[in-house]
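Protein chains: 2
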Amino acid sequence: MALLFKSETDRASLWRDAFARLAPDLEFREWPEVGDPAEIEFALVWHPAKGDLKRYPNLKAIFSLGAGIEHIFSDPELPRHIPVVRMVDHGLTRGMTEYVLMHVLRFHRNVPELEAQKQAGVWNYIDYPPAWERRVGVMGLGVLGGDAARTIASFEFATAGWSRRPKRIEGVECFHGEDGLARFLQRTEILVNLLPLTDATENILNARSFAQLPRGACLINAARGRHLVEEDLIPALDSGQLAGAALDVFREEPLPAGHPFWAHPKIWISPHVASVTQPSTAAKGVLDGIARLRAGLPLENVVDWSEGY
Amino acid sequence: MALLFKSETDRASLWRDAFARLAPDLEFREWPEVGDPAEIEFALVWHPAKGDLKRYPNLKAIFSLGAGIEHIFSDPELPRHIPVVRMVDHGLTRGMTEYVLMHVLRFHRNVPELEAQKQAGVWNYIDYPPAWERRVGVMGLGVLGGDAARTIASFEFATAGWSRRPKRIEGVECFHGEDGLARFLQRTEILVNLLPLTDATENILNARSFAQLPRGACLINAARGRHLVEEDLIPALDSGQLAGAALDVFREEPLPAGHPFWAHPKIWISPHVASVTQPSTAAKGVLDGIARLRAGLPLENVVDWSEGY
Chain A
1 MALLFKSETD
11 RASLWRDAFA
21 RLAPDLEFRE
31 WPEVGDPAEI
41 EFALVWHPAK
51 GDLKRYPNLK
61 AIFSLGAGIE
71 HIFSDPELPR
81 HIPVVRMVDH
91 GLTRGMTEYV
101 LMHVLRFHRN
111 VPELEAQKQA
121 GVWNYIDYPP
131 AWERRVGVMG
141 LGVLGGDAAR
151 TIASFEFATA
161 GWSRRPKRIE
171 GVECFHGEDG
181 LARFLQRTEI
191 LVNLLPLTDA
201 TENILNARSF
211 AQLPRGACLI
221 NAARGRHLVE
231 EDLIPALDSG
241 QLAGAALDVF
251 REEPLPAGHP
261 FWAHPKIWIS
271 PHVASVTQPS
281 TAAKGVLDGI
291 ARLRAGLPLE
301 NVVDWSEGY
Chain B
1001 MALLFKSETD
1011 RASLWRDAFA
1021 RLAPDLEFRE
1031 WPEVGDPAEI
1041 EFALVWHPAK
1051 GDLKRYPNLK
1061 AIFSLGAGIE
1071 HIFSDPELPR
1081 HIPVVRMVDH
1091 GLTRGMTEYV
1101 LMHVLRFHRN
1111 VPELEAQKQA
1121 GVWNYIDYPP
1131 AWERRVGVMG
1141 LGVLGGDAAR
1151 TIASFEFATA
1161 GWSRRPKRIE
1171 GVECFHGEDG
1181 LARFLQRTEI
1191 LVNLLPLTDA
1201 TENILNARSF
1211 AQLPRGACLI
1221 NAARGRHLVE
1231 EDLIPALDSG
1241 QLAGAALDVF
1251 REEPLPAGHP
1261 FWAHPKIWIS
1271 PHVASVTQPS
1281 TAAKGVLDGI
1291 ARLRAGLPLE
1301 NVVDWSEGY
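Going line by line, the protein sequences match chains A and B. Residue 1 is where the first sequence starts when you use this note's numbering, and the numbers rise one by one after that. Residue 1001 is where the second sequence starts when you use this note's numbering, and the numbers rise one by one after that.
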């Protein structure tokens, strides 16, 4: 059996090593060196080439290298009968929680103001409230959002979460649905987006939702660029409705040269590094899926076509 | 009975309100409006005026507004028979852990490099290891250092601690003594200092200790400025032995205008705000101490003169 690997950003050599160690009988083929297409039984991919995945007559499962799956579903020729498996990886989850918590703490502890003072050579005490008086809200309460919300709550922040369907997380005030969204936004000073990208969530971060946040709120977007209406962000920052934004994802990646986000002093940018799947932990999850398929057991973390995630 | 309050940086009004709520019979007197010195039974102070605390004939206990106590002990006329109580406050402890963890994550997740890329308009993926491959070390394992180390370990960092005497903390590799220091430093990529300031710990962060760290290590000093030999820091950063330093405390505070730390691109500066005692939680601790004194019970968290902390 052979596994097709395709990614421009993940480190193929680390994956090759991890599989060689855990499953020496699994042939690892790095796209475009595919060999005989009939030998490919599994694909582990990030942004597969359009039309490519229909070329493998014996393909049994498509594993996403990242938490999102829209990079696979955007292929109009995707063979719809083959299960697509979301990446659920401890290293990926914890990496995202690190990123989110760092930015929550950055905003909570006035780091942008402290850094401006340092630049200017100014020593000015800046006060901050105890965590339990700081209201943080996480949109999306799946594997990533749930872990982030639980960790934020463990720091005793006044933590809320919002999801499409009702959820319960201890220590987190959970809102849901269209109705709950307004109430969730109205109480949230630091807003974290970890939603899946679907037709229902695209453009959810827009002028209207920014206006529902309390004045001076901060935004952390570590999900997908298409959640954010980019033209709405700079006016919200310039008016003071938002005090800052930390963005890891963009409608176009790499973020084009000359894009107004680059030069904006209240926008913090990282190049889609909020979290990466860690081959050392994630290869085992992929192999577990392969073993379940071989044993005739149902796959876990399979994408539901009707939900889009 | 009356309590004398003295601080230039803490918010007297918050303390006055907290005591008024919890102990309406305790008179709150803000220095220098002391009234009759004989009525002062307790002092709650940060940097008391030299020679002031010997003026109160009925003083029974001196409570420090901060975790450190050298701001009290530096008074050569301090009445040595009166117990000095360290501040142990949940808000203070957790504030310090927030600050430390934020800086650990900043260094772990290459934030200085990402911020330089943002300034330059550069989109370049920067890799980072999983937390369990990142070695963080905390010097000082008291109330603050112990909480920080436990929290860092809960993020699955390879966490070590160093203290003068042997300690045990679950999930933290504990080193101690002169002997353990070299081994602790040799394995530490991100070094956090939360030691008390004593004759034994003054200047402990110096060229020799920096040289024992692995090349490219980072320093977080949130304890006291006098732990650091300031002249040794810039050469270590300029040679690349240290990759960065986050400093909250300095030998002279405010850090003087023109001090070379201000302009150094690898030094992050905050104006002694790593953590503040939170009146809403801390006033209760002070009142507990007063109640113990009145009940003839031994005080907790009393400074040991022979140890200096």
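Backbone N, C-alpha and C define an ideal beta-carbon position, used for all residues, glycine too. Note that the structure is a prediction, hence the values are computed from the model and not measured.
* Among residues of its own chain, excluding the 5 on either side of F1210 (chain B), which ones have a beta-carbon nearer than 7 Å to its beta-carbon? -> D1232, A1236, Q1241 and L1242
* Asked: Do you know how far the Cα of H272 (chain A) is from the Cα of Y1125 (chain B)?
  -> 7 Å
* Mind listing which residues of the segment 1118 to 1133 of chain B have their C-beta closer than 7 Å to chain A's C-betas, in chain order? -> K1118, G1121, W1123, N1124, Y1125, I1126, P1130 and A1131
* Between which two residues does the beta strand (DSSP E) harbouring T159 (chain A) extend? -> A158 to S163
* Keeping to the same chain, check which residues put their C-beta closer than 7 Å to that of A1012 (chain B); ignore five residues upstream and five downstream. => F1005 and E1030
* Anything in chain A within Cβ reach of S1280 (chain B), meaning under 8 Å, just list it in chain order. => P130
* **Sheet register partners of R251 (chain A) (DSSP bridge)** => Paired residue(s): none; R251 (chain A) is not in a bridge.
* Asked: Residues of chain A with CB under 7 Å from I1190 (chain B), in chain order?
  -> None at all; the shortest Cβ gap to chain A is about 13 Å.
* **Option nearest L1144 (chain B) by Cα separation, candidates B:H1264, B:W1162, B:P1129 and B:A1131** => B:W1162
* Asked: I1234 (chain B) by DSSP, collapsed to three states: which one?
  -> helix
* To do: Can you give me, in chain order, the residues of the segment 215 to 242 of chain A that have a beta carbon less than 9 Å from any beta carbon in chain B?
  => none
* Relative to the alpha-carbon of I290 (chain A), which residue among A:A38, A:F73 and A:P83 has its alpha-carbon at the smallest distance? -> A:P83
* Asked: Where do the N-terminal and C-terminal ends of the beta strand (DSSP E) with A1116 (chain B) fall, by residue?
  -> Not the beta strand (DSSP E): A1116 (chain B) falls in the alpha helix (DSSP H), residues V1111 to A1120.
* Whose C-beta lies closer than 6 Å to the C-beta of E41 (chain A) among residues of the same chain, with five residues either side of it excluded? -> M1, N58 and K60
* Interface flag, F42 (chain A) vs chain B, CB-CB below 8 Å -> no
* To do: With a floor of 4 residues, list each alpha helix (DSSP H) that falls wholly inside the segment 52 to 122 of chain A, ordered by position along the chain.
  => 70 to 73, 90 to 108 and 111 to 120
* Compile a chain-ordered list of the residues in the segment 1269 to 1296 of chain B whose CB is closer than 8 Å to at least one CB of chain A. => I1269, S1270, P1271, H1272, V1273, V1276, Q1278, S1280 and T1281
* Figure out for me which residue from B:L1299, B:R1292, B:A1283 and B:S1306 has the closest Cα to the Cα of P1024 (chain B). => B:A1283
* Residues that DSSP places opposite E1030 (chain B) in a beta bridge -> B:F1005
* List in chain order: all unbroken beta strand (DSSP E) runs of 3+ residues lying wholly within the segment 166 to 206 of chain A. => 173 to 176 and 190 to 193
* Asked: Exposed or buried, Q312 (chain A), counting other C-beta atoms within 10 Å across all chains shown (16 or more means buried)?
  -> With chain A covering 1 to 309 only, the question about residue 312 (chain A) has no answer from this structure.
* **Validate contact between the segment 82 to 101 of chain A and the segment 1111 to 1122 of chain B using beta carbons, cut 8 Å, 3 pairs** => no
* Determine the closest residue to T277 (chain A) out of B:E1039, B:E1098 and B:P1130, with distance taken between C-alpha atoms. => B:P1130
* **Unbroken alpha helix (DSSP H) run spanning L297 (chain A), endpoints** => Premise fails: L297 (chain A) is in no alpha helix (DSSP H) and is neither H nor E.
* Asked: In whole angstroms, what separates the C-alpha of G1171 (chain B) from that of K266 (chain A)?
  -> 38 Å
* Asked: Of all Cβ atoms in chain B, is any one closer than 8 Å to the Cβ of P112 (chain A)?
  -> no
* Asked: Helix or strand or just coil, what does DSSP make of F261 (chain A)?
  -> helix
* Applying a beta-carbon distance threshold of less than 9 Å, which residues of chain A neighbour T1009 (chain B)? -> Y125
* Asked: Are the C-beta of L1255 (chain B) and some C-beta of chain A separated by less than 8 Å?
  -> yes
* Measuring alpha carbon to alpha carbon, tell me which of B:L1141, B:A1149 and B:N1203 ends up nearest K1167 (chain B). => B:L1141
* To do: In angstroms with no decimal places, state the Cα-to-Cα distance between N110 (chain A) and D127 (chain A).
  => 8 Å
* Taking DSSP as the reference, what is the three-state secondary structure of W1046 (chain B)? -> coil
* Cβ of L101 (chain A) within 8 Å of any chain B Cβ -> yes
* Bridge partner(s) assigned by DSSP for A246 (chain A) -> A:I220 and A:W268
* Which whole-angstrom value describes the C-beta separation of E1027 (chain B) and L1044 (chain B), a residue pair presumed to lie in contact below a C-beta threshold of 8 Å? -> About 12 Å; that fails the 8 Å criterion.
* Asked: What number of angstroms, rounded off, separates the C-alpha of V100 (chain A) from the C-alpha of A274 (chain A)?
  -> 8 Å
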